[in-house]
Amino acid sequence: MNQIVLGILYWYQKNLRNLPWRSTNDPFKIWLSEVILQQTQVVQGTVYYEKFIENFSNIKQLANAEEEQILKLWQGLGYYSRARNLHKAAQHIINNFNGVFPNNYKDLLKLPGVGDYTASAIASFAYNLPHPTLDGNVYRFIARLYNINLPIDEPRNKSVFINILMELMEGQEPRQFNNAMMEMGAIICKPQNPQCNICPVADYCEALKNNTVENLPVKSKKVKVQIRHLNYFFIEYNNGFYLEKRMGSGIWQNLFQLPLIETLSEGTKEILLSQINLILNNKSTMDIHFEKDMRHILTHQRLEVKFWKIQLNIEPEFTNKKMVHTNLSEYKNYAVPKLIENYLLLL
DNA sequence: AAAACGTGGCA
DNA sequence: TTGCCAAGTTT
Numbered sequence: 129m130n131q132i133v134l135g136i137l138y139w140y141q142k143n144l145r146n147l148p149w150r151s152t153n154d155p156f157k158i159w160l161s162e163v164i165l166q167q168t169q170v171v172q173g174t175v176y177y178e179k180f181i182e183n184f185s186n187i188k189q190l191a192n193a194e195e196e197q198i199l200k201l202w203q204g205l206g207y208y209s210r211a212r213n214l215h216k217a218a219q220h221i222i223n224n225f226n227g228v229f230p231n232n233y234k235d236l237l238k239l240p241g242v243g244d245y246t247a248s249a250i251a252s253f254a255y256n257l258p259h260p261t262l263d264g265n266v267y268r269f270i271a272r273l274y275n276i277n278l279p280i281d282e283p284r285n286k287s288v289f290i291n292i293l294m295e296l297m298e299g300q301e302p303r304q305f306n307n308a309m310m311e312m313g314a315i316i317c318k319p320q321n322p323q324c325n326i327c328p329v330a331d332y333c334e335a336l337k338n339n340t341v342e343n344l345p346v347k348s349k350k351v352k353v354q355i356r357h358l359n360y361f362f363i364e365y366n367n368g369f370y371l372e373k374r375m376g377s378g379i380w381q382n383l384f385q386l387p388l389i390e391t392l393s394e395g396t397k398e399i400l401l402s403q404i405n406l407i408l409n410n411k412s413t414m415d416i417h418f419e420k421d422m423r424h425i426l427t428h429q430r431l432e433v434k435f436w437k438i439q440l441n442i443e444p445e446f447t448n449k450k451m452v453h454t455n456l457s458e459y460k461n462y463a464v465p466k467l468i469e470n471y472l473l474l475l
């Protein structure tokens, strides 16, 4: 047997982490864990996995749930399209697959939110089918092991890595092989401070030989961060305040937030008073009070946020119809972005 | 193909 | 502070 594969599999047997979704072959649980762990670290995702398993024990329950309940459970985890697609995929299985979880790569790929990686993960972990799981860990591990300096964020280079994995996986148990490759990337061949001194395949590592470990893998794209100025309004009326549902596309779709006015530069009282009709139709005199500012950092955006307060004695007329009246205890039923939660928790 | 999509941790 | 990264997918 290939000495590299032998070393990795032996190491995995001795060093694997005991993760909740590793002790099952249930495709429903595998799928749930894989979606939760997309672009998300194990420490962050685990509690969400437990929450979802507690609330939904099968596909049907998930399909029949309200999207708002699913988003609420997902609150704080980010990339909320995953939660919306989780719901859609469950309904897809009920409607198009007769309620039976798809058991092959091609059908798995039809599920919303399931791409190459996740389809391969479910196919191999649930059904032991030979599809390599090429995630960030495996990209890094392979790039170093074979000293490959092709940018891993360019789709056209993907086949180079897939082909290597297919060859290595030949004759192995796909479930075991994929788990071992990802675990190596996560535990030994880490982005920073890789543990080359205890790596079971250090003798075969081309990057270690060429002293390029720290330079691999190569990424070609760099993210450009857009700065946005958001002004949120805590509109007090009748012992409560208002939340609006974010519609359309873009960030935080279908989550709730305080009524918002976005400005091109930092919002001032004068600017906001002149634009308040974007939210309210009230003709009566009103005033706005600055409360707090916050900065919220996302991958592609830096949000400069100001929170303002408006007190009303007569019921407001909103321009936006998707508005709900709530209060400081009841609002916790709504899924809100972390930013909004952070502010409301201060009150 | 490139850009958008969240949040938290670490150096 | 800034930049990078995490069990990627969608448009």
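Residue numbers (our numbering): 129 to 475. Ideal placement from N, C-alpha and C gives every residue a C-beta, glycine not left out. Predicted, not measured: the structure shown is a model, and the values here were computed from it.
#### Entry: For Met312, three-class secondary structure by DSSP
helix
### Message
Could you compute how far the alpha carbon of Gln414 sits from the alpha carbon of Ile404?
### Response
The sequence shown places Met at residue 414, not Gln. Between Met414 and Ile404, the C-alpha separation is close to 10 Å.
### Task
Using 10 angstroms around the beta-carbon of Ile187, count the other beta-carbons present and answer buried if the total reaches 16, otherwise exposed.
buried
### Query
By Cβ distance, which residues of its chain are closer than 6 Å to Tyr471, with the 5 residues on each side in sequence left out?
Phe435
#### Entry: Within the segment 311-396, ranges of the alpha helix (DSSP H) (whole runs, at least 4 residues)
334-337
### Query
Do you know whose CA, among Glu469, Gln354, Phe418, lies nearest Ile425's CA?
Gln354
### Query
Rounded to a whole number of angstroms, what is the C-alpha to C-alpha distance between Lys157 and Gln203?
19 Å
#### Entry: Glu334 CB to nearest heavy atom of the ligand GDP below 7 Å
The model depicted lacks the ligand GDP and carries no ligand whatsoever.
### Task
Quick one: using the 10 Å Cβ neighbour count with 16 as the cut-off for buried, is Glu311 buried or exposed?
buried
### Message
Taking 8 Å as the cut-off, does the segment 257-269 touch the segment 283-298 (at least 3 CB pairs, one atom from each stretch)?
### Response
yes
### Query
Taking the Cβ atom as the reference point for each residue, do Cys327 and Ile316 lie within a distance shorter than 8 Å?
yes
#### Entry: When Phe229, Thr391, Lys337 are compared against Asn359, the one with the closest alpha-carbon
Thr391
### Task
Could you tell me if Met375 is buried or exposed, where buried requires 16 or more neighbouring beta carbons within 10 angstroms of its beta carbon?
exposed
### Task
Out of Pro283, Arg284, Asp235, Leu214, point me to the one whose CA is closest to Gln189's CA.
Leu214
### Query
In whole angstroms, what is the alpha-carbon distance linking Ile363 and Phe369?
5 Å
### Message
I need the straight-line Cα distance from Ile389 to Lys397, nearest angstrom please.
### Response
12 Å
### Distance CB(Gly313)-CB(Phe253) smaller than 8 Å
no
### Query
Excluding the five sequence neighbours on either side, which residues of its own chain have a C-beta within less than 7 Å of the C-beta of Gln439, listed in chain order?
Glu364
### Task
Closer than 7 Å by C-beta to Val242: which residues in its own chain qualify, once you throw out the five before and the five after it? Chain order, please.
Ala217, Leu236
### Message
Which residue wins for smallest C-alpha separation from Gly395, given the options Met422, Leu205, Leu383?
### Response
Met422
### Query
Using a Cβ-Cβ cut-off of 8 Å (strictly less than) and excluding sequence neighbours within five positions of Ile198, which residues of its own chain qualify?
Leu190, Ala211, Arg212, Leu214, His215
### Query
By DSSP, does Val452 sit in helix, in strand, or in coil?
strand
### Task
Pick out whichever of Lys200, Pro387, Phe361 has its Cα sitting closest to the Cα of Asn179.
The sequence shown places Lys at residue 179, rather than the Asn named in the question. Per the Cα distances, Lys200.
### Query
Among Leu273, Asn382, Asn183, Asn143, which has the Cα closest to the Cα of Glu196?
Asn382
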